[in-house]
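Asker: One structure follows; several queries about it will come next.
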Amino acid sequence: MRIGLGETLDNLVMFVGTTPNIGTTAIAYRTAAALAVGAPKSRIAYLCLNLKSSKIARYLGIHDPHAELSMLRAELKARSLTAARLEKLCLRAKPLANLFVLCGNMQRAQAELFAPEDLEHLLMVAGEAYDLCVVDCSAYWDNAATVVSGMHAKVKLLVTQPKLDAFQDDYHGWITNTAAMFGIDPREFALILAQTGQSADEYRAGEIQQATGLPMIASIPYDKQLITDMQQGRLQSWQLTNRAAARAIHPVCRYIAKRTGIDWASSEAPRSLLGIRMRRWKQAAEQAVGKP
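Numbering (my numbering), first residue to last: 200 to 491.
Laid out in structure tokens, this is it:
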């Protein structure tokens, strides 16, 4: 069974960046974690479809992931992947029992071995297995994962920076040209502004919306500590225990919830209760670092 040409998967959310190394993966994963927190009865999948150099295992402190996308290649080719097999290969994102993580491909030479039909099969199986699938395509526009996700995602989110080369040059080079070649309407994307606040003369959200013609749904400030924590495998701990970080990502979650129908609510608990919960999350997340 295949996804029909142009068929939309209502529980598929796509993240893609205009430019490499601007935090697309961090924002995609933080969103998946925040969705899992706010929708505890829903099964959330984070699928890293970076086919060339996935880093999510490092960012989560998993130095030897027991599963990555390349391990599914034979089953994807044979169209024999099952929901049970996919779930068995997903990492459990402790302490979030309802978040399932599939690491991307870490062998660049294998990137071209994934055909569009392979990725369609993966998305179809994942869409049936989970209530919501967050797909991280990084910033690689010239591979099957990005094209297929763009063709079938209900929600398409474009991460960019308040820099001219990102929201103008790269946007037009990839979105308005490459996407259109595959029948992906650029107007279906919404913008997330990443790493803001680094410069007093950076472009404002209104200027970027005018230049792209796309709505801006969130602005995520630059945080030097996040960069350090990611390199030390503490991305999830940072997201779950940092109140400002959680609030910054909530507009993205609300946007997704409205369009997919997932029952999500921000975790605005009383301060004392929230503090206790965050300390518990931090302890559990730190204990889980390095464990699949």
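Each residue gets a CB set at the ideal place from its N, CA and C atoms; glycine is no exception.
Here the structure is a predicted model, which is why all the values come from computation and not from measurement.
#1: Would you tell me roughly how many angstroms separate the C-alpha atoms of P294 and A277, rounded to the nearest one?
#2: Per DSSP, which residues does Y245 bridge with? Please list them.
#3: Where DSSP assigns a beta bridge to F388, which residues make up the other side?
#4: If contacts are defined as beta-carbon pairs under 8 Å, then Y329 and F299 qualify, I think. What distance do you get, rounded to the angstrom?
#5: State the CB to CB distance for the pair A256 and C289, rounded to an integer number of angstroms; the pair is presumed to be in contact (CB under 8 Å).
#6: A314 and A343 look like a contact to me (Cβ under 8 Å); what is the Cβ gap, rounded to whole Å?
#7: Excluding the 5 residues flanking A266 on each side, which residues of the same chain have their C-beta closer than 6 Å to its C-beta?
#8: So for C372, helix, strand or coil by DSSP?
#9: Check whether the region 435 to 443 and the region 206 to 220 touch, using three or more Cβ-Cβ pairs below 8 Å as the test.
#10: Let me check understanding here. Comparing Cα to Cα, which of C336, P361 and K362 lies closest to M350?
#11: Can you check whether the CB of S269 is closer than 7 Å to the CB of Q309?
#12: Whose C-alpha, out of I243, I261 and E311, is nearest the C-alpha of E286?
#13: Drop a sphere of 10 angstroms on the beta-carbon of I455, count the other beta-carbons inside from all chains shown, and report buried for 16 or more, exposed for fewer.
#14: Output needed for A404: all residues of its chain with C-beta closer than 7 Å, excluding positions within five of it in sequence on either side, in chain order.
#15: Please report the straight-line C-alpha distance between A379 and H371, rounded to a whole angstrom.
Answerer: Let's see:
#1: Going by the C-alpha atoms only, they are around 34 Å apart.
#2: Answer is V300 and V333.
#3: As computed with DSSP, F388 is found in a beta bridge with K355.
#4: About 7 Å; that satisfies the 8 Å criterion.
#5: Not a contact, Cβ separation roughly 12 Å.
#6: A314 to A343, Cβ: 6 Å. Contact.
#7: Excluding residues within five positions, the ones whose Cβ falls inside 6 Å are L288.
#8: The question names Cys, but residue 372 is Gly in the sequence shown. Helix.
#9: Because the criterion of three Cβ pairs below 8 Å is not met, the region 435 to 443 and the region 206 to 220 do not touch.
#10: Among C336, P361 and K362, the Cα nearest to that of M350 is on C336.
#11: Taking 7 Å as the cut-off, the Cβ atoms of Q309 and S269 count as close.
#12: If we check each option's Cα against that of E286, I243 comes out closest.
#13: Around the beta carbon of I455, a 10 Å sphere encloses 16 or more other beta carbons of the protein chains shown; the residue is thus reported as buried.
#14: Only L392, M415 and S418 meet the Cβ criterion.
#15: When the Cα atoms are used, A379 and H371 turn out to be separated by approximately 11 Å.
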